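Visitor: Positions in the sequence shown are counted from 1; adding 6 to them yields my numbering.
First the structure, which I've put down as structure tokens, then a few questions once you've had a look.
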Amino acid sequence: MPVKPVARIESSEELNMCGIVGTVGKADATPILLEGLSRLEYRGYDSAGVAVVQDGKLCVEKAKGRLDNLRGRLKERPLGGTLGIGHTRWATHGEPSDVNSHPHTDVKGEIAVVHNGIIENYAQLKRFLEREGCAFVSSTDTEVIAHLINYYDKGDIRRAIEQALHRIEGSYALGIICQREPDTLYCVRKDSPLVVGLGEEQQFIASDIPAILSHTRDVYFLNDREIAVLKADGVAVYDAYGRRRTDLQPFHVDWDVASAEKGGYPHFMLKEIMEEPRALSETLRSHVDLTSLTIQQEGMPDAEEARALERVFIVACGTAYHAGVVGKYALEQLTGLSVTVDIASEYRYRPQKLGKGDLFLVISQSGETADTLAALREAKRQGAKVAAITNVVGSSVAREADRVLYTWAGPEIAVASTKAYITQLLLLTLLGVDLALKRGEMDEKAARELLREMQALPEKAQKTVETHERMQRFAARHFDLRHVFYIGRGMDWALAMEASLKLKEISYIFSEAYAAGELKHGTIALIEPGTLVVALCTQSALLEKMRSNIKEVRARGASVLCVQRESDGKAEADIADKTWFIPDAPDLLMPMLAVIPMQLLAYYMAVSKGCDVDKPRNLAKSVTVE
């Protein structure tokens with residue numbers, strides 16, 4: 007199979023993720039840093055800053071708030087120099103302020119550090135350094151790193167970084183510069199993503215590819231604790247033992263800058279919803295021979311392993327967890343296996359005993375989710391076979407799993423995941439079909455028929471997204487609601503959880519998802535006149551039950567938006583206030599179509615409220631700390 011383009015490199019889904027950019031070479035650093043930071047704004051941040059070695063002196067400028075505040079200060083006090091690092095911060099230690107913004111420097115003001123992640127033992131290190139005479143000026147954990155490198159600095163910065171890292175516990179991606187080395191940029195990572203960009207007489211570092219894509223398409227993905235030393239004429243990488251790597255192979259990024267830009271859309275989220283038909287097509291093309299309608303075997307369990315399976319464990323966080331819940335229904339129906347789905351942050355503190363008959367499947371859009379990685383490592387420690395679904399080549403999950411299934415969804419910039427989710431659902435279903443064939447639970451004719459239906463999904467998804475203006479009109483009439491409830495049964499209930507998450511995370515409207523059969527067990531007490539209930543009715547065997555549930559909430563004054571397939575006619579339309587029809591597909595595939603209007607509803611509700619859709623409050627795209 008030919009090498010595919012990198013989909014994304016980013017972090018995970020737990021707490022925060024800031025942006026890092028750095029460069030060294032012949033060109034003026036400051037414009038490169040500002041451009042790169044602007045391409046990372048989607049991650050969410052509350053302050054920004056840069057450090058540049060100018061005329062042999064380390065100069066730092068930083069500002070609370072948006073990147074424009076930093077630009078304004080740099081107009082008043084321009085910084086020139088060919089070595090620099092920049093950062094957009096999301097506060098974890100210390101409130102948002104100029105002082106707490108990155109970069110941070112040591113006591114002498116000669117070493118500057120930018121940092122993504124969390125230093126777990128920073129309080130202990132801070133007390134040690136204060137006893138050694140260090141005076142701290144910020145409330146951050148990052149400042150500890152700068153002082154610690156200075157403490158160990160005896161004239162060899164790389165050696166000082168190595169020694170400092172031996173004392174640090176936690177996750178980090180670091181960019182480091184020193185004023186006495188105006189031609190050298192250092193970086194290192196552990197459990198937080200960092201990419202090294204290779205240019206001609208100009209080298210780069212970034213926490214995400216879009217930050218440097220206008221300058222280079224050739225990158226290195228660093229392993230944990232590797233230190234990269236960048237100079238204008240090249241890059242050297244050293245492992246945790248100080249040995250220089252000689253086996254580095256650059257990865258060429260095939261997607262262009264436009265893929266990571268809005269392309270005329272008002273928000274990245276809307277652009278990425280509109281890209282879902284293409285994303286489904288890319289995922290299919292990468293994993294299915296569309297001529298013979300057979301599944302490509304790269305990343306799939308082999309026949310012997312498939313036949314020996316007794317249980318499947320799916321572990322993930324957030325939207326990826328919701329994909330796993332839908333996947334549970336698909337895998338159990340197709341394979342007959344018992345499937346357990348766990349939130350990674352819960353699983354890692356109550357790991358189950360795994361055996362040879364278990365498949366441990368992790369799902370992470372970024373491939374860097376800290377809790378998911380911890381669960382993966384525990385499973386491997388127990389000797390389990392680990393498979394992964396991810397969107398990011400070179401990510402930690404991709405490197406550490408035994409088998410990897412890439413979604414190839416392309417760059418996803420908006421904080422609220424859309425096309426990554428829909429392609430995860432497709433891969434989970436493909437995995438189910440492949441296992442069912444190998445286990446004798448499905449014959450080739452039935453498999454080809456289902457694959458043929460999957461082949462039609464991109465066209466049906468396109469038809470669905472083209473109705474977005476109808477949802478815009480609906481949202482314009484309902485955006486002032488205080489709460490919304492989503493109900494469904496079977497796979498629709500699993501989908502309702504993701505639909506609810508989308509609404510609450512970008513519109514700040516309280517929403518909750520319920521298995522519709524549970525309404526009578528207490529939840530129906532929350533229904534009052536004017537409450538919006540979104541009823542997902544795409545599962546054929548459960549339609550009559552759903553009709554009863556819709557009547558129950560309508561009788562108590564709820565307004566109902568029903569989502570159903572076109573072939574079910576007007577049945578729900580007769581009892582719902584508004585019905586959204588979507589193209590027909592087999593029940594197993596309906597979540598991939600039904601989620602599109604749910605994403606559009608969340609999007610247009612947020613837009614109608616004037617929310618910052620791509621960068622919702624208190625959230626960031628990527629998170630790598632617990």
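Glycine included, C-beta positions come from ideal geometry on N, C-alpha and C.
Keep in mind the model is a prediction, meaning the values are calculated, not measured.
Give me the residue from Pro199, Glu534, Val143 with the minimum Cα distance to valine 559.
Guide: Checked all of Pro199, Glu534, Val143; the closest Cα to valine 559 is Glu534.
Visitor: Mind checking histidine 258: buried by the 16 CB within 10 Å criterion, or exposed?
Guide: When all chains shown are included, histidine 258 counts as exposed.
Visitor: Output the distance between the C-alpha atoms of alanine 217 and glutamate 136, rounded to the nearest integer angstrom.
Guide: Straight-line Cα distance between these residues: approximately 36 Å.
Visitor: Among Glu447, Thr424, Val345, whose alpha-carbon lies nearest the alpha-carbon of glutamate 282?
Guide: Cα-wise, what sits closest to glutamate 282 is Thr424.
Visitor: Taking only the alpha-carbon atoms, compute the straight-line gap between leucine 180 and leucine 80 and give it to the nearest angstrom.
Guide: If you take the alpha carbons of leucine 180 and leucine 80, they lie about 23 Å apart.
Visitor: For valine 150, does the three-state DSSP call read helix, strand or coil?
Guide: Three-state result, valine 150: helix.
Visitor: May I ask which residues mark the beginning and end of the alpha helix (DSSP H) holding threonine 325?
Guide: Start and end: 324 to 341.
Visitor: Does the distance from the CB of isoleucine 124 to the CB of aspartate 147 come in under 8 Å?
Guide: Cβ atoms of isoleucine 124 and aspartate 147: closer than 8 Å.
Visitor: Which value, in whole angstroms, describes the spacing of the CA atoms of cysteine 323 and glycine 31?
Guide: Near 40 Å, if we compare the C-alpha coordinates of glycine 31 and cysteine 323.
Visitor: When you compare each of Met497, Leu456, Glu518, Tyr355 to leucine 296 by their alpha carbons, which one comes out closest?
Guide: The shortest C-alpha separation from leucine 296 is found at Leu456.
Visitor: Tell me the rounded alpha-carbon separation between valine 601 and valine 619.
Guide: One C-alpha to the other measures close to 18 Å.
Visitor: Tell me which residue opens and which closes the beta strand (DSSP E) that histidine 489 is part of.
Guide: 489 to 494 is the extent of the beta strand (DSSP E) around histidine 489.
Visitor: Would you grab the beta carbon distance between leucine 567 and valine 540 for me? Rounded to a whole angstrom, and I think it's under 8 Å.
Guide: Confirmed, about 5 Å.
Visitor: Could you work out which residue in Tyr158, Ala376, Lys359 is closest to arginine 387 when comparing CA atoms only?
Guide: Out of Tyr158, Ala376, Lys359, Lys359 has the C-alpha closest to the C-alpha of arginine 387.
Visitor: Return yes when the Cβ of leucine 441 is within less than 8 Å of the Cβ of glutamate 450, no when it is not.
Guide: Their beta carbons are not under 8 Å apart, which means glutamate 450 does not touch leucine 441 by this criterion.
Visitor: Is the region 493 to 509 touching the region 312 to 331, taking contact as three or more C-beta pairs under 8 Å?
Guide: Yes, the region 493 to 509 is in contact with the region 312 to 331.
Visitor: With leucine 236 as the anchor, note down where its beta strand (DSSP E) starts and where it stops.
Guide: That run of the beta strand (DSSP E) goes 233 to 237.
Visitor: Can you check whether the CB of glycine 90 is closer than 8 Å to the CB of tyrosine 51?
Guide: Not in contact: tyrosine 51 and glycine 90 (Cβ atoms no closer than 8 Å).
Visitor: Would you tell me roughly how many angstroms separate the C-alpha atoms of lysine 466 and glycine 71, rounded to the nearest one?
Guide: Distance between the alpha carbons of lysine 466 and glycine 71: 42 Å.
Visitor: Considering only residues of the region 42 to 85, which uninterrupted beta strand (DSSP E) runs meet the minimum length of 3 residues and lie entirely inside it, listed in chain order?
Guide: Counting whole runs of 3 or more residues, the region 42 to 85 contains the beta strand (DSSP E) stretches 53 to 60, 63 to 70.
Visitor: Thinking C-beta only, is asparagine 122 closer than 8 Å to serine 213?
Guide: Cβ distance < 8 Å, so serine 213 and asparagine 122 count as in contact.
Visitor: Quick check on isoleucine 26: does DSSP put it in helix, strand or coil?
Guide: Looking at isoleucine 26 - three-state DSSP - the assignment turns out to be strand.
Visitor: Rounded to whole angstroms, what is the Cα-Cα separation between valine 471 and glutamate 232?
Guide: When rounded, the distance between both Cα atoms is 44 Å.
Visitor: Assuming arginine 495 and glutamine 545 make a contact with CB atoms under 8 Å, what is their CB distance in whole Å?
Guide: Their Cβ separation, rounded to whole angstroms, is 6 Å, which keeps arginine 495 and glutamine 545 in contact under 8 Å.
Visitor: Out of Leu463, Leu436, Pro464, Ala462, point me to the one whose CA is closest to alanine 453's CA.
Guide: If we check each option's Cα against that of alanine 453, Leu436 comes out closest.
Visitor: By DSSP, does tryptophan 414 sit in helix, in strand, or in coil?
Guide: Looking at tryptophan 414 - three-state DSSP - the assignment turns out to be coil, as it is neither helix nor strand.
Visitor: Is the beta carbon of glycine 92 less than 8 Å from the beta carbon of glycine 42?
Guide: In this structure, glycine 42 lies closer than 8 Å to glycine 92 by Cβ.
Visitor: Under the rule that 16 or more other beta-carbon atoms within 10 Å means buried, what is threonine 252, buried or exposed?
Guide: Label assigned to threonine 252: exposed.
Visitor: Report, in whole angstroms, the separation of the C-beta atoms of glutamate 447 and leucine 340, which I expect to be a contact under 8 Å.
Guide: At roughly 7 Å, the Cβ-Cβ gap stays under 8 Å, so glutamate 447 and leucine 340 are in contact.
Visitor: Counting along the chain, where does the beta strand (DSSP E) carrying threonine 88 start and finish?
Guide: That residue, threonine 88, is in no beta strand (DSSP E); it is neither H nor E in DSSP.
Visitor: What residue from Arg623, Met611, Gly616, Leu599 has the CA that sits closest to methionine 280's CA?
Guide: Checking every option, the nearest Cα to that of methionine 280 belongs to Leu599.
Visitor: Among the residues of its own chain, which have a CB less than 8 Å from the CB of aspartate 207, if the five just before and after it don't count?
Guide: Reading off the sequence shown, one finds glutamate at residue 207, where the question assumed aspartate. Counting only Cβ-Cβ distances below 8 Å, and skipping sequence neighbours, we find Gly31, Lys32, Ala238, Asp239.
Visitor: Write down every uninterrupted run of the beta strand (DSSP E) in the region 378 to 424 whose length is 3 residues or greater and which is fully enclosed by it, in chain order.
Guide: Runs found: 391 to 396, 409 to 412.
Visitor: So what does leucine 191 bridge to, in DSSP terms?
Guide: Its beta-bridge partners are Leu236.
Visitor: Nearest-angstrom Cα distance between glutamate 116 and alanine 35?
Guide: Their Cα atoms are separated by approximately 18 Å.
Visitor: List, from N- to C-terminal side, the alpha helix (DSSP H) runs of 4 residues or more that fit wholly inside the region 256 to 318.
Guide: If we require 4 residues or more, the alpha helix (DSSP H) runs fully inside the region 256 to 318 come out as 274 to 280, 282 to 293, 309 to 314.
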